[in-house]
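Protein chains: 2
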Amino acid sequence: MTSDATRPLAGVRIIEISSFVAVPLAGMTLAQLGAEVIRVDPVGGAADYHRWPVTDAGDSIYWAGLNKGKRSVAVDVRSEEGQRLIARLISDSGVLITNVAGRQWHSYDTLVALRPDLIHVEVSGRADGGTGVDYTVNAGLGFPLVTGPAGLDVPVNHVLPAWDVACGIYAALAVTAALRHRDATGAGQRISIPLENVALATAGNLSFLTEVMVNGTPRERIGNSIFGQYGQQFASGDGVAFMVVALTGRHFRDLTELTGTAKAVAALGETIGADFTDEGDRYRHRDALTGLFTVWFTSHTADEVAAALSTTSILWERYRSFADVVTDAKVTENPLFTTLDQPRIGEYLAPGLPLSIDGAYPKAVAAPALGDHTADVLRTILGLGDEELAGLFESGTVA
Amino acid sequence: MTSDATRPLAGVRIIEISSFVAVPLAGMTLAQLGAEVIRVDPVGGAADYHRWPVTDAGDSIYWAGLNKGKRSVAVDVRSEEGQRLIARLISDSGVLITNVAGRQWHSYDTLVALRPDLIHVEVSGRADGGTGVDYTVNAGLGFPLVTGPAGLDVPVNHVLPAWDVACGIYAALAVTAALRHRDATGAGQRISIPLENVALATAGNLSFLTEVMVNGTPRERIGNSIFGQYGQQFASGDGVAFMVVALTGRHFRDLTELTGTAKAVAALGETIGADFTDEGDRYRHRDALTGLFTVWFTSHTADEVAAALSTTSILWERYRSFADVVTDAKVTENPLFTTLDQPRIGEYLAPGLPLSIDGAYPKAVAAPALGDHTADVLRTILGLGDEELAGLFESGTVA
């Protein structure tokens with residue numbers, strides 16, 4: 007292990023057999039923490055190798071985004087010889103992360119016979135063994151029925167695959183905790199992470215399930231309001247949308263002062279018997295409050311609204327499009343982003359790990375092309391000679 | 007450290023000074039991995055202590071959900087004596103996680119003088135030092151403008167605070183990686199995680215930002231369709247909504263066979279020159295395909311649809327409400343959930359850590375009441391005597 011604090015997993019080698027979001031994100035995160043991550047794919051690529059968005063030439067921007075800083079090995083995974091090579095790589099490396107379940111040749115039981123202290127992390131769809139992806143898991147959970155404007159009567163899916171993202175970071179955490187345990191005890195681990203369980207645990211931890219169990223009252227569809235707090239969307243006079251959040255008494259007082267409604271809010275409270283120092287009452291009477299505040303927002307331009315909000319403690323943000331964001335200082339002047347020259351895709355601002363260690367963000371590193379490291383990995387890790395390698399390439403066992 | 011694989015962080019003690027979602031989730035996750043996590047709160051509780059949902063008696067179901075398995079110490083954080091006690095606790099424990107930024111007395115610089123190998127993790131709003139919460143960060147990022155039915159012209163916030171969740175798991179990962187690094191090198195770390203950077207990095211990694219930079223084309227609002235794939239919402243004849251996803255050629259063939267549209271789809275492909283073995287073409291022509299498939303869904307009941315889909319490789323799920331979920335086998339027969347007797351709240355099914363280690367899920371443990379462990383922690387960790395303790399309680403320095 008090096009003493010570089012930004013690479014706490016230096017010296018660890020991890021084999022990844024994956025596709026789509028969760029496990030690729032886990033592998034990339036572990037690579038950003040200093041591990042050597044080798045993604046092993048079928049010759050021609052896994053099911054995500056051409057995933058949209060793609061460039062005009064057809065190269066996957068998506069794939070490049072989730073495989074930054076990894077090494078790539080391409081193997082004919084249907085051939086026994088290919089399977090044996092990968093099993094040797096896993097056995098030598100000691101850590102496998104995968105979402106390709108149900109393959110006997112890289113199951114925990116098969117591999118632990120080769121490497122007794124193996125750390126084996128498998129992401130699956132559902133705890134009961136069923137298949138599932140972010141979009142089906144989310145549909146089955148409840149969120150789409152309470153997302154979107156009040157009164158809407160169709161489900162609204164999230165666009166961010168939030169469960170995949172959470173699952174990927176949990177997987178990186180599981181590997182890191184298992185490494186620490188193995189360092190101390192010499193023992194490996196078999197870890198299973200059903201995507202649906204990540205979603206269910208989160209919905210339970212955040213009370214979406216528990217409030218039904220305890221109070222019998224499920225969450226309702228409340229548009230862009232924040233449940234249990236005062237948080238609301240407003241539009242400025244020139245039609246720009248803002249999200250405004252008052253979590254604390256101070257935030258709320260600032261909001262009434264800014265909008266010149268302190269007296270009106272006090273009078274409203276008296277009339278209806280509400281105590282607006284209480285977050286529950288601010289939530290219960292949010293529509294009346296929003297009615298009072300709206301006048302100020304619609305009588306100012308977006309720039310005036312932004313300038314005025316900036317002088318207060320209120321939490322707020324202007325709604326922005328992705329196109330707005332990429333030219334905003336939050337990207338262009340953010341040390342999280344560095345210019346990446348990504349082969350096949352081009353030059354762009356790419357994020358590194360979203361946490362700084364001793365003041366530095368681990369930087370984005372380009373993604374490989376499929377098979378970029380096949381020869382080097384087989385030569386240096388498995389010790390194959392030139393002749394043997396040439397034979398494997400010729401027979402199509404590797405590429 | 008014990009040799010219990012399900013408690014890889016056993017023997018680690020962590021002090022948490024937090025409120026709301028991200029850092030409480032980080033602390034709870036670390037506790038579920040075996041660490042002793044002591045949440046230190048102001049007397050009377052932090053800003054999240056009464057957060058909704060609450061029981062009829064006013065106790066926060068929300069707070070209980072995110073602080074399971076922690077110990078609780080209540081201290082007058084405005085008093086110098088209280089601050090000194092907490093600083094001693096952190097110094098003795100060696101790890102602090104917090105989202106209470108800008109307090110000199112628990113800043114990295116102050117504390118590292120007391121504990122040179124300190125691991126100090128601070129979650130903030132924005133990388134530029136500005137404040138931010140999940141709902142404002144999300145508004146500023148782009149997702150709300152592409153969420154919801156095509157044609158809608160208002161932003162749609164997510165209901166799940168996805169950035170808080172991701173940030174919390176990243177924080178748990180950062181602590182765990184730093185522990186491994188400290189074990190090996192003896193060095194601590196100062197880690198900073200701006201919530202907005204978690205969101206920006208994720209939007210970059212998943213190409214929402216990169217496709218604008220590279221192709222100049224931002225994502226559009228496409229309702230419940232999955233971008234770049236064939237994934238769509240359908241309604242059965244009796245009005246139940248289903249999410250149906252065909253990621254691979256096999257999934258798509260199964261869908262055309264199930265719906266009896268194989269010939270019609272082939273004819274459509276010929277007519278418009280589309281190659282439906284290509285995921286891009288399945289996405290481009292999704293509306294035409296959905297039109298063909300819809301007939302089958304609307305001419306079957308929900309139960310018939312579910313039974314038929316079950317016999318195929320297609321990824322699918324029935325949209326469910328939170329109320330549906332809590333009585334479903336995915337909760338009631340899932341080893342992730344165990345019956346928790348939570349003081350003040352009642353008995354309910356609570357999720358543990360959403361990953362199993364060697365076949366076992368680390369189980370949910372009840373959340374403390376505020377100050378449950380104040381006396382014990384001060385006595386056993388700081389070595390305070392009965393008299394000193396009594397004085398601190400009497401003066402209101404602790405509670």
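Chains A and B are the protein sequences, given in the same order. Just so you know, we're using this note's numbering here: the first sequence kicks off at 7 and counts up by one. Just so you know, we're using this note's numbering here: the second sequence kicks off at 7 and counts up by one. Beta carbons: idealized from backbone N, C-alpha and C, even for Gly.
Asked, Found
"Flag A207(A) as yes if its beta-carbon sits less than 8 Å from any beta-carbon of chain B, otherwise no.", "yes"
"Using DSSP with H/G/I as helix, E/B as strand and the rest coil, what is L212(A)?", "coil"
"Any Cβ of chain A within less than 8 Å of the Cβ of S99(B)?", "no"
"Closest by CA to R326(A), which one among T182(A), I228(A), M249(A) and A168(A)?", "M249(A)"
"So what does DSSP say about H291(A), is it helix, strand or coil?", "coil"
"Applying the criterion that 16 or more other CB atoms from any shown protein chain within 10 Å of the CB defines a buried residue, is T386(B) buried or exposed?", "exposed"
"Are the segment 196–211 of chain A and the segment 129–149 of chain A in contact at 8 Å, needing three or more beta carbon pairs?", "yes"
"Let's test the definition: count the other Cβ atoms within 10 Å of the Cβ of V79(A) and tell me whether it reaches 16, buried, or not, exposed.", "buried"
"8 Å is my cut-off, CB to CB: does V371(A) come that close to chain B?", "no"
"May I ask which residues mark the beginning and end of the beta strand (DSSP E) holding F248(B)?", "A247 to A252"
"Is it buried or exposed for E226(B), if we count other Cβ within 10 angstroms and need 16 for buried?", "exposed"
"Since H126(A) is in the alpha helix (DSSP H), which residue starts that stretch and which ends it?", "Not the alpha helix (DSSP H): H126(A) falls in the beta strand (DSSP E), residues I125 to S130."
"Report all residues from its chain with a CB closer than 6 Å to the CB of S25(A); omit the five preceding and five following residues, and keep chain order.", "A52, A53 and D54"
"With DSSP as the reference, please indicate the residues paired to S362(B) in a beta bridge.", "S198(A)"
"Got a sec: is the Cβ-Cβ distance from E3(B) to anything in chain A below 8 Å?", "For chain B, the structure presents residues 7 to 405; residue 3(B) sits outside this window and is missing."
"In whole angstroms, what separates the C-alpha of H187(B) from that of S198(B)?", "17 Å"
"Less than 8 Å between the CB atoms is what I'm expecting for T304(B) and G243(B), so what's the real figure, rounded?", "5 Å"
"Since F240(B) contacts T338(B) with CB under 8 Å, what's their CB separation in whole angstroms?", "With 8 Å as the limit, F240(B) and T338(B) do not qualify as a contact, their Cβ atoms being about 27 Å apart."
"Counting only C-beta atoms, is G397(B) closer than 8 Å to chain A at any point?", "no"
"Which value, in whole angstroms, describes the spacing of the CA atoms of V332(B) and V218(A)?", "7 Å"
"Give a yes or no on whether 8 Å exceeds the smallest Cβ distance from Y68(B) to chain A.", "yes"
"Quick one: any contact between the segment 101–108 of chain A and the segment 11–25 of chain A, if contact means 3 or more CB pairs under 8 Å?", "yes"
"Where does Q89(A) land, buried or exposed, given buried means 16+ other C-beta within 10 angstroms?", "buried"
"Flag S130(B) as yes if its beta-carbon sits less than 8 Å from any beta-carbon of chain A, otherwise no.", "no"
"Could you work out which residues of chain A lie near Q239(B), taking near to mean beta carbons separated by less than 7 Å?", "P161"
"In chain order, what residues of the same chain have a beta carbon less than 7 Å from the beta carbon of T262(B), not counting five sequence neighbours either side?", "A268 and V271"
"Against chain A, does E217(B) count as a neighbour if the rule is that its beta carbon must be under 8 Å from one of theirs?", "yes"
"Using a cut-off of 7 Å between C-beta atoms, extract the partners of T254(B) located in chain A.", "A53"
"Might you give, ordered along the chain, the residues of its own chain that have their beta carbon closer than 6 Å to the beta carbon of L120(A), omitting 5 neighbours on each side?", "S97"
"Could you list which residues in chain A have their beta carbon closer than 7 Å to that of P150(B), in chain order?", "Y325"
"What is the rounded straight-line gap between the Cα of D334(B) and the Cα of H56(B)?", "29 Å"
"Tell me whether A273(B) is buried or exposed, calling it buried when 16 or more other Cβ atoms sit within 10 Å of its Cβ.", "exposed"
"Kindly confirm or deny that the segment 343–350 of chain A and the segment 41–52 of chain A touch, where touching means at least three C-beta pairs closer than 8 Å.", "no"
"Report the option in T296(A), N221(A), I278(A) and V246(A) whose CA atom is closest to the CA atom of A252(A).", "T296(A)"
"I'd like the span of the beta strand (DSSP E) that includes G237(B), first residue to last.", "Y236 to A241"
"Can you list, in chain order, the stretches of the alpha helix (DSSP H) that have 4 or more residues and sit fully within the segment 37–116 of chain A?", "67–72 and 86–99"
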